[in-house]
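Residue numbers (my numbering): 28 to 231.
The C-beta atom is built at its ideal place from N, Cα and C for all residues, glycine as well.
Note that the structure is predicted; figures quoted are calculated from it, not measured.
Shown next, in structure tokens, is the structure this report addresses.
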């Protein structure tokens, strides 16, 4: 159980730091001459949409975890950890083939603010955090209480992280190499999933 909480915590912290979760809002805000308060408000709305879709999928996976743990022997101690390791390997592989966010790729500026916000909300809702979903599956096998803890922890840390980095980078956006950090974060996320999976074989 501890490894599930710690792994979810680490992924949530990384999730809030990842530039593709807040950098588009910051870049567009600068182009549209939004002040810091406006940029934070748009980030909050977009972040809530992103968290909502992630938690919806997570709860559904948690329900599946509850059923699998009920009907499949050793699901929590063998199958679920194996899933974590496989997903971790997948994200490490994605590190080498995935195309990350680039500032110059944003094409939604120059439109009414409501349309810009709508486009950002839709984009964030349709890109849930897949790295943490395996933890929802494992948490469901433990019970609703752990599923609730992970949902709340992930949501609060992600939103807080996005708002923190928006404020932190508001005046220095173009001087920082965020792409390099995002590229490395994929390896870190995959590594956390693999380590959690390995520990789950022995700690439960």
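At a Cβ-Cβ threshold of 8 Å, residue 188 and residue 115 do not count as neighbours. With contacts defined by Cβ atoms closer than 8 Å, residue 73 and residue 180 do not form a contacting pair.
Secondary structure of residue 61 (DSSP, three-state): coil.
In this structure, DSSP gives residue 67 a helical state, which the three-state scheme calls helix. With contacts defined by Cβ atoms closer than 8 Å, residue 88 and residue 190 do not form a contacting pair. In the pairwise beta carbon analysis, the segment 30–39 is classified as touching the segment 159–177: at least three pairs are separated by under 8 Å. The beta-carbon separation of residue 214 and residue 110, rounded to 19 Å, does not stay under the 8 Å limit for a contact. Spatial neighbours of residue 192 in its own chain (CB-CB distance under 6 Å, excluding positions within 5 residues in sequence) are listed in chain order as 49.
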